[in-house]
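Numbering (the working numbering), first residue to last: 4 to 114.
No residue lacks a Cβ here, since even glycine has one placed at the ideal position from N, Cα and C.
This is the structure in structure tokens:
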């Protein structure tokens, strides 16, 4: 089958598959970060707003209060959710593109 398929198509197909794998991996990494932010947020919310809290900023641990730290943790989680959503959309487009190439040239995954 691959004899009839132009080499540039195979290169594009493999590249597209690799990009899908990279996006999937990055999404999983960001979801882990988002879940950690959510856990911190859930831990801090019931605490007294004036209680001491520590935050890692640029590799340095700084002392703040819960009321200072909680808004930034929430904002970071929301930003992560937006980035994840954008990357999931890109992944969906790339997967469709890959599937279209596969169907058009009747490729199998081990190409």
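**Study point:** Which residues DSSP lists as bridging residue 68, in chain order
**Key:** Counted from its first residue, the chain shown places residue 68 at position 65. According to DSSP, residue 68 bridges with 55.
Exercise for review: Return the CA-CA distance between residue 17 and residue 90, expressed in angstroms with no decimal places.
Suggested key: For the purposes of this step, residue 17 is identified with residue 14 of the chain shown, where counting begins at 1. For the purposes of this step, residue 90 is identified with residue 87 of the chain shown, where counting begins at 1. If I take the Cα positions, the gap works out to 20 Å.
Point to revise | Chain-order list of residues whose beta-carbon lies under 6 Å from that of residue 8 (same chain, five-residue window excluded) | key: On the chain shown, residue 8 is found 5 positions in, with the first residue counted as 1. Result list for residue 8: 108, in chain order.
Check your understanding: Considering only residues of the same chain and omitting the five flanking positions on each side of residue 43, which have a CB-CB separation below 7 Å?
Key -> By 1-based counting over the chain shown, the position of residue 43 is 40. Within the same chain, and ignoring the five residues on either side of residue 43 in sequence, the residues whose Cβ sits closer than 7 Å to its Cβ are 76.
**Study point:** Contact set for residue 26: own chain, Cβ-Cβ below 7 Å, skip 5 residues either direction
**Key:** Here the question's residue 26 lines up with position 23 in the chain shown. Cβ within range, chain order: 90, 93, 94 and 97.
Exercise for review: Compute the distance between the beta-carbons of residue 100 and residue 28, then report whether it is under 7 Å.
Suggested key: To locate residue 100, count along the chain shown from 1; it is residue 97. To locate residue 28, count along the chain shown from 1; it is residue 25. No, these two residues do not count as a Cβ contact at 7 Å.
Exercise for review: Count the other C-beta atoms from every protein chain shown that fall within 10 angstroms of the C-beta of residue 4, then say buried if there are 16 or more, exposed otherwise.
Suggested key: Counting from one through the chain shown, the residue named residue 4 turns up at place 1. Because the pLDDT of residue 4 is 46, which lies under 50, any placement of that residue in the model is unreliable, and the number read from its coordinates should be weighed accordingly. With fewer than 16 Cβ atoms within 10 Å of its Cβ, residue 4 is classed as exposed.
Review point. Between residue 65 and residue 53, what straight-line distance do the alpha-carbon atoms span, to the nearest angstrom?
Key: As a working mapping, residue 65 is identified with position 62 in the chain shown. As a working mapping, residue 53 is identified with position 50 in the chain shown. For residue 65 and residue 53, the distance between alpha carbons rounds to 15 Å.
Review point. Name the DSSP bridge partner or partners of residue 60?
Key: For this step, residue 60 is matched to residue 57 along the chain shown. BP columns for residue 60 point to 63.
Review point. Going by beta carbon distance, what residues of the same chain come within less than 6 Å of residue 79, once the five residues before and after it are set aside?
Key: Translated into the one-based positions of the chain shown, residue 79 becomes position 76. The answer, listed in chain order, is 40.
Exercise for review: Whole angstroms is fine: what's the gap from residue 22's alpha carbon to residue 50's?
Suggested key: As a first step, residue 22 is located in the chain shown; it is residue number 19 there, counting from the start. As a first step, residue 50 is located in the chain shown; it is residue number 47 there, counting from the start. Straight-line Cα distance between these residues: approximately 43 Å.
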